[in-house]
Each structure stands twice: as structure tokens, then as C-alpha cells.
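Just so you know, we're using the working numbering here: the sequence shown kicks off at 1094 and counts up by one.
I have placed the structure first, in the form of C-alpha cells, so that the comments after it can refer back to it.
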Amino acid sequence: NDELLRLAASLEEASEHPIARAIANGAREKGIELTTPTDFLNEAGIGVVGKIDGREIRVGRADWCGGPQVVLRGGLDELISDAESRGASVIFIGWEDSIQGALVVSDTVKETAVAAVSALKRLGISVVMVTGDSEAAAHWVAESVGIDTVIAGVLPAGKAEVVRGLQADGHIVAVIGDGINDAPALAQADLGIAIGTGADVALEASDLTLVSGDPRGAADAIELSRRTLATIKANLFWAFAYNAAAIPLAAAGILNPAIAAATMGFSSVFVVSNSLRLRRFKPLR
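This is the structure we're talking about:
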């Protein structure tokens, strides 16, 4: 009902999580007036808590809202199963260790997500989804965008542990994220890529920001970086090859100084021209 939505949205408005913002915006669209909570606390990956109208309200996981021994009644277990089968998640609302209601929320899969995953695979990159969502919801989303490997039910600190584990196995790891829960993993990764429309803390923890919010930009950035590195190596090779061949010939008097100077100029022009080829780079679409 509207009162439960008001309580949940009032708490979520103080959070930077994308789903929290969606709940707060949804309440405003219904004309519900929100209340600023006091004693607000955000337990990343678990839920939020704060006082509204003098009562401590919790929003998040079932055990966070209803206590560690919570038992779901009134069809809530069926609600969870139905929601997860559609790729949605259930957020609970409660106080005094009792669940009072629930919200069903789901992420809208970006239209460009399938193309982004496909482009990364074409670059020879293994794509893994690491999420705090349930197994059922995570697999539904993964299948819809073409991701084969899923690690679900992971807390924010656990995402960083997953990255460390992959790095320990010798992998170079890039993480793409947009929420506050992704910040530890973004900071731990060899390359942190933040979605520009995400939380500020995620942007601060990343090495690269996709300003447009289009995930296809991740593959573009990696491919452009590869071509840039290849160009640098080619420039170094040809500059070294010129000096290695021309300097001894000039010193021995075999190569005319004027020709040597002209060749040096040609070498510089080649390096610049080779670098300018990168301006013709086109996104992987």
C-alpha cells in the first residue's frame, strides 16, 4: 500500500543504489510525500535502516527486516519464487523484527547489453556476472544477454574477493559496475570501468568512466587501448631500427650526412603518421 511505499521510499531516497533511486522516484510519481529519516544506516548488500515518525524501519533482505529466524508467511515465499523466475528481486519492509510488506523490483536490461557482451567475447574476453541477486534472478538476466558464467548472492566485499581470486589464478581482470556495491570490486580490479550514470562512489573507485552509460563502450575502450599499445610498440621498433642501422653507416662515412638527416626526418614523419591512424578508430558496432 501507499504507506509501506512511503516508508520504503523515504529510506531508499538516502541511498545511492540505482534500485533505491527507482523506488524513491516511483513513490514521487504516485504523489507520495517522502519523509527524511534520522539515524540512517546503509549496510551494503543487505539493506538500510532509519527512524521515520519515531519508529525504526528496515528495508532490504528478509533476515535484515524480520530477524535471523524469520519465517515467510502469507504467500511471500510464492511471491519470491514468481519474481525470481522473471528475473526480478524482492525487497522487504519491516520493523520490530517483523516483515510488514514487500516490493518486487527488477532491472531493465539495457538494449545494448547483448551487443556489449558479444563484442567483449569477440575480443577473446571471458565475461562473468557477479551479483548480489539470487541465483534464479541472476541466471535469467545472464541468459537474456548471453553471459555463460554467473556468481550470484555475493555481498560487496565478496565481489572484491572474487576479483582477487581470479587475479591469483593469473587472470587480468576488468570490472564494469555502476553501484555503491560495486566500488570494492572496481578498486580491486586491474581495470575498473564505471557506468557514468551510476553512483558517485563507483565513479571515484574506477579507472575509466563510460560517460554515456552505454556498456558497449567497454569493448571499444579495450580495443582502442590494444591498438594504441600496438602502435606505440611499432613506433619504438622503427625508431630503434633506424638508429641501429643509420648511425653506424653515417659514422663510417658510408651514408651521406644529408641523406642521414633526411632519413631521420622521414622516421619522425612515419611515427607521427602511424600514430594518427588511431584517429580513424571506429566503435565496435
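C-beta: ideal position from N, C-alpha, C; glycine also.
*On the three-state DSSP scale, how would you describe V1234?*
helix
*Identity of the residue in V1210, A1120 and V1142 nearest D1190 by Cα*: V1142
*Classify F1185 as buried or exposed, calling it buried when 16 or more other Cβ atoms lie within 10 Å of its own Cβ.*
buried
_Cβ-Cβ distance between Q1260 and V1268 below 9 Å_ = no
*Could you pull the start and end residues of the alpha helix (DSSP H) that R1148 belongs to?*
Element bounds for R1148: not the alpha helix (DSSP H) but the beta strand (DSSP E), R1148 to G1153.
*Would you say the beta carbon of A1209 comes nearer than 8 Å to a heavy atom of the ligand MN?*
Annotation note on the ligand MN: not contained in the displayed structure, which lists no ligands.
*Limits of the unbroken beta strand (DSSP E) element including E1116*: Per the sequence presented here, residue 1116 reads as Ile, with Glu not at that position. Looking at the DSSP string, I1116 is not in any beta strand (DSSP E); the run it does join, the alpha helix (DSSP H), is P1111 to E1122.
*Please go through the same chain and pick out, in chain order, the residues whose beta-carbon is closer than 6 Å to the beta-carbon of D1307, but skip the five residues on each side of it.*
T1205
*asked:* Going by DSSP in three states, I1325 sits in which element: helix, strand or coil?
replied: helix
*Which whole runs of the alpha helix (DSSP H) in the region 1154–1209 are 4 residues long or more, in chain order?*
1155–1159 and 1169–1178
*Is G1263 near I1288, with beta carbons less than 9 Å apart?*
no
_Endpoints, beta strand (DSSP E) assigned at D1132_ = T1131 to E1136
_If you measure between the beta carbons of L1248 and G1225, is that distance less than 9 Å?_
yes
*Could you spell out the range, first to last residue, of the beta strand (DSSP E) harbouring A1298?*
Premise fails: A1298 lies in the alpha helix (DSSP H), D1293 to A1298, not in any beta strand (DSSP E).
_Using 9 Å as the threshold, is the C-beta distance between L1279 and A1250 below it?_
no
*Taking V1197 as the reference, which of A1209, S1182, K1203 and W1188 has the closest Cα?*
S1182
*Sequence ranges, beta strand (DSSP E) only - wholly within the region 1351–1375, length at least 3*: none
_Supposed contact pair R1309 and A1208 - C-beta distance, whole angstroms, cut 8 Å_ = 6 Å
*asked:* Quick check on this structure: which residue in S1219, A1115, T1356 and R1372 has the alpha carbon closest to the alpha carbon of I1240?
replied: S1219
*Whose C-alpha, out of L1284, L1172 and A1195, is nearest the C-alpha of R1099?*
A1195
_Residues sharing a beta bridge with T1128, DSSP_ = Paired residue(s): none; T1128 is not in a bridge.
*asked:* Checking 9 Å against the spacing of the C-beta atoms, do E1149 and D1132 come in under that value?
replied: yes
*Return the first residue and the last residue of the beta strand (DSSP E) that V1266 is part of.*
Careful: V1266 lies outside any beta strand (DSSP E) and carries neither H nor E.
*I think N1367 touches N1328, with their Cβ atoms under 8 Å apart; what is that distance to the nearest whole Å?*
6 Å
*Taking buried to mean at least 16 other C-beta atoms within 10 Å of its own C-beta, is R1179 buried or exposed?*
exposed
_Please state the DSSP three-state secondary structure of V1304._
coil
_Within 10 Å of its beta-carbon, does A1338 have 16 or more other beta-carbons around it, so buried, or fewer, so exposed?_
exposed
*Assuming A1314 and L1301 make a contact with CB atoms under 8 Å, what is their CB distance in whole Å?*
6 Å
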